[in-house]
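Just so you know, we're using the working numbering here: the sequence shown kicks off at 37 and counts up by one.
First comes the structure, then the notes that go with it.
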Amino acid sequence: MSVTSYSLLVFLRGGPSDIPEIHEVESGSAEDRLKIPRWNGYEHFALTQDFKDVGGVLMPVYQWSYRTAIAE
Numbered sequence: 037m038s039v040t041s042y043s044l045l046v047f048l049r050g051g052p053s054d055i056p057e058i059h060e061v062e063s064g065s066a067e068d069r070l071k072i073p074r075w076n077g078y079e080h081f082a083l084t085q086d087f088k089d090v091g092g093v094l095m096p097v098y099q100w101s102y103r104t105a106i107a108e
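What follows is the structure, encoded as structure tokens:
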């Protein structure tokens with residue numbers, strides 16, 4: 037049996053201004069949290085109850101929560 041990978045477009049609200057609002061994740065469904073690598077750390081986003089209509093596509097909205105550094 038083969039497993040098919042799906043990508044999902046999500047909308048990111050808040051966080052650093054250099055992170056695009058529309059982000060693609062490799063998943064078939066929305067996870068509770070996203071951890072996006074950025075510079076020497078990670079930006080963390082939490083799934084909200086909201087959806088954003090972007091060009092007729094409804095995207096789950098993630099709100100920026102906090103930043104962590106990469107452990108060495």
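C-beta: ideal position from N, C-alpha, C; glycine also.
Keep in mind that this is a model prediction, so the values were computed, not measured.
Item, Value
"Considering only C-alpha positions, which residue in the set 103, 53, 54 is nearest to residue 82?", "103"
"Starting from residue 58 and walking both ways along the beta strand (DSSP E), at which residues does that stretch end?", "58 to 62"
"Using a Cβ-Cβ cutoff of less than 8 angstroms, which residues in the same chain neighbour residue 77 once the five nearest sequence positions on both sides are dropped?", "103, 104, 105, 106"
"Go through its chain and collect everything with a Cβ distance to residue 99's Cβ below 6 angstroms, but skip five positions before and after it.", "49, 50, 82, 84"
"Count the other CB atoms, across all protein chains shown, that sit within 10 Å of the CB of residue 97; report buried if there are 16 or more and exposed otherwise.", "buried"
"Using a Cβ-Cβ cutoff of less than 6 angstroms, which residues in the same chain neighbour residue 60 once the five nearest sequence positions on both sides are dropped?", "43, 45"
"What's the C-alpha gap between residue 90 and residue 56?", "13 angstroms"
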